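S.K.: Residue numbers (the working numbering): 65 to 340.
Below you will find the structure I want to go over with you.
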């Protein structure tokens, strides 16, 4: 019986959280895109990745996929997704296993965790090839943010029309064991939006990363820095971080740097790009 209980606990922890509640008092610009629904994506023996999709009211002209950073639940991207949906694109958001509202690893506590960064890459590859299925009539545009940017760079020959990379060098540099607290109010825009969602949804309350997440992410960075990207890339960074990305961008087919100092600048740039 104890074995059955452990197996049931593992199965429950491995499921994605697909029914978040909108926080009270949330500004409408941060509501989910119209018709947006979350689902779980099971790949091999990994916990479920979490992905969501919302389609425009007309036949979409393209797909826009956001590969979420591990620092916050993916709900922080809803306002960016709404920008894409307003331009008649289907909006997709992907969270790797072990982060945000995705399924948890068995030994995971309240920290973001992964035993292998390839889990994030394999899940995103499966989402694109098996579920989104872009083609020449409905091309795929991808925003990779933070750790999601490393996932994007390491994708296996993805059919991406254009790749946007943002805050590639951000993220924690040490593990944290202190759990989420409602009294700890973040100072940045990303964090404040995330905090609202986490306050209303305990299943989203992860804070900090494990030592092995740091180790695996460092390995992913080193692997990604050796890649040559075949699609068009807009590298959206603060001016102080552009030099660190120079070597990867120079090896790529069509890569340009755009200075993006903050979240509002990111939204303005993406809105102009998606409307073109």
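Don't be surprised by glycine CBs; every beta carbon is placed ideally from N, CA and C.
Since the structure is predicted, the reported quantities are computational estimates derived from the model, not experimental observations.
Please determine, among 330, 168 and 160, the residue with the shortest C-alpha to C-alpha distance to residue 300.
M.R.: The residue you call residue 300 lines up with position 236 of the chain shown. Closest by alpha carbon: 330.
S.K.: Using only CA atoms, which one of 200, 250, 157 and 127 lies nearest to residue 338?
M.R.: Here the question's residue 338 lines up with position 274 in the chain shown. Out of 200, 250, 157 and 127, 127 has the C-alpha closest to the C-alpha of residue 338.
S.K.: Distance check for residue 229 and residue 205, CA to CA, integer angstroms please.
M.R.: Within the chain shown, numbered from 1, the residue matching residue 205 stands at position 141. Within the chain shown, numbered from 1, the residue matching residue 229 stands at position 165. Going by the C-alpha atoms only, they are around 11 Å apart.
S.K.: Let me know the secondary structure DSSP gives residue 192 once reduced to three states.
M.R.: Numbered from its first residue, the chain shown carries residue 192 at position 128. It is helical.
S.K.: Would you kindly work out how many angstroms separate the C-alpha atoms of residue 188 and residue 158, rounded to a whole number?
M.R.: Here residue 188 corresponds to residue number 124 of the chain shown, with the count starting at 1. Here residue 158 corresponds to residue number 94 of the chain shown, with the count starting at 1. Straight-line Cα distance between these residues: approximately 7 Å.
S.K.: Taking only runs that begin and end inside the stretch 217-285, name each unbroken alpha helix (DSSP H) of 4 or more residues, in chain order.
M.R.: Counting whole runs of 4 or more residues, the stretch 217-285 contains the alpha helix (DSSP H) stretches 253-264.
S.K.: Can you tell me whether DSSP reads residue 128 as helix, strand or coil?
M.R.: As a position in the chain shown, residue 128 is number 64, starting the count at 1. Three-state DSSP puts residue 128 in a strand.
S.K.: Taking all protein chains shown into account, do 16 or more other C-beta atoms lie within 10 angstroms of the C-beta of residue 147, making it buried, or fewer, making it exposed?
M.R.: For the purposes of this step, residue 147 is taken as residue 83 along the chain shown, with counting starting at 1. It is buried - the Cβ of residue 147 has at least 16 other Cβ atoms within 10 Å.
S.K.: Quick one, are the C-beta atoms of residue 217 and residue 208 less than 9 Å apart?
M.R.: Position 153 of the chain shown, counted from the start, is the residue given in the question as residue 217. Position 144 of the chain shown, counted from the start, is the residue given in the question as residue 208. Contact: yes.
S.K.: Are the stretch 236-253 and the stretch 268-276 touching by the rule of at least three beta carbon pairs closer than 8 Å?
M.R.: Short answer: they touch.
S.K.: Less than 8 Å between the CB atoms is what I'm expecting for residue 167 and residue 79, so what's the real figure, rounded?
M.R.: As a position in the chain shown, residue 167 is number 103, starting the count at 1. As a position in the chain shown, residue 79 is number 15, starting the count at 1. With 8 Å as the limit, residue 167 and residue 79 qualify as a contact, their Cβ atoms being about 5 Å apart.
S.K.: From which residue to which residue does the beta strand (DSSP E) around residue 157 run?
M.R.: Taking the chain shown and counting its residues from 1, one reaches residue 157 at position 93. Counting along the chain, the beta strand (DSSP E) containing residue 157 begins and ends at 153-159.
S.K.: To the nearest angstrom, how far is it from the Cα of residue 153 to the Cα of residue 250?
M.R.: Along the chain shown, one-based indexing puts residue 153 at 89. Along the chain shown, one-based indexing puts residue 250 at 186. Residue 153 and residue 250: Cα-Cα distance of roughly 31 Å.
S.K.: Please classify residue 171: is it buried, with 16 or more other beta-carbons within 10 angstroms of its beta-carbon, or exposed?
M.R.: Stepping through the chain shown from its first residue, residue 171 is reached at position 107. Residue 171 comes out exposed.
S.K.: State whether the stretch 287-302 contacts the stretch 314-325, with contact taken as three or more CB pairs (one from each stretch) at a distance under 8 Å.
M.R.: Short answer: they touch.
S.K.: Based on the DSSP output, what are the partners of residue 116 in its beta bridges?
M.R.: For this step, residue 116 is matched to residue 52 along the chain shown. Answer is 102 and 157.
S.K.: Under 9 Å between the Cβ atoms of residue 163 and residue 132?
M.R.: Stepping through the chain shown from its first residue, residue 163 is reached at position 99. Stepping through the chain shown from its first residue, residue 132 is reached at position 68. Result yes, Cβ atoms of residue 163 and residue 132 sit closer than 9 Å.
S.K.: Between 115, 94, 96 and 98, which has its C-alpha nearest residue 104's C-alpha?
M.R.: Within the chain shown, residue 104 is the residue found at index 40, counting from 1. Closest by alpha carbon: 115.
S.K.: Tell me the rounded alpha-carbon separation between residue 322 and residue 298.
M.R.: In the chain shown, residue 322 corresponds to position 258, counting from 1. In the chain shown, residue 298 corresponds to position 234, counting from 1. In a straight line, the C-alpha of residue 322 is about 7 Å away from that of residue 298.
S.K.: Is residue 238 close to the ligand PLP? I mean its beta-carbon at under 8 Å from any heavy atom of the ligand.
M.R.: For the ligand PLP, the structure offers nothing, since it holds no ligand at all.
S.K.: Determine the DSSP secondary structure at residue 323, reduced to helix, strand or coil.
M.R.: Counting from one through the chain shown, the residue named residue 323 turns up at place 259. In the structure shown, residue 323 sits in a strand (DSSP, three-state: E or B).
S.K.: Reducing DSSP to helix, strand and coil, say where residue 293 ends up.
M.R.: In the chain shown, residue 293 corresponds to position 229, counting from 1. In this structure, residue 293 counts as coil in the three-state DSSP scheme.
S.K.: CA-CA distance, residue 110 and residue 117?
M.R.: As a position in the chain shown, residue 110 is number 46, starting the count at 1. As a position in the chain shown, residue 117 is number 53, starting the count at 1. Approximately 21 Å between the Cα atoms of the pair.
S.K.: Sorted by chain position, which residues of the same chain lie with C-beta nearer than 8 Å to residue 311's C-beta, five sequence neighbours on each side aside?
M.R.: Working through the chain shown from its first residue, we reach residue 311 at position 247. 289, listed in sequence order.
S.K.: Per DSSP, what kind of secondary structure is residue 206 in: helix, strand or coil?
M.R.: Here residue 206 is taken as the residue at index 142 of the chain shown, counted from 1. DSSP places residue 206 in strand when its eight states are reduced to three.
S.K.: If I follow the unbroken alpha helix (DSSP H) through residue 312, where does it start and stop?
M.R.: Here the question's residue 312 lines up with position 248 in the chain shown. Looking at the DSSP string, the run of the alpha helix (DSSP H) that includes residue 312 is 310-315.
S.K.: Tell me, to the nearest whole angstrom, how far the beta carbon of residue 261 is from that of residue 327; I am working on the premise that it is less than 8 Å.
M.R.: Locating residue 261 in the chain shown gives position 197, counting from the first residue. Locating residue 327 in the chain shown gives position 263, counting from the first residue. At roughly 16 Å, the Cβ-Cβ gap does not stay under 8 Å, so residue 261 and residue 327 are not in contact.
S.K.: Between 134, 231 and 182, which lies nearest to residue 325 when the distance is taken from Cα to Cα?
M.R.: Sequence index remark: in the chain shown, residue 325 carries index 261 (1-based). Comparing Cα-Cα distances from residue 325 to each of 134, 231 and 182, the minimum goes to 231.
S.K.: With a threshold of 16 other CB atoms inside 10 Å of the CB of residue 307, please say whether the residue is buried or exposed.
M.R.: On the chain shown, residue 307 is found 243 positions in, with the first residue counted as 1. Answer is exposed; the Cβ neighbour count stays below 16.
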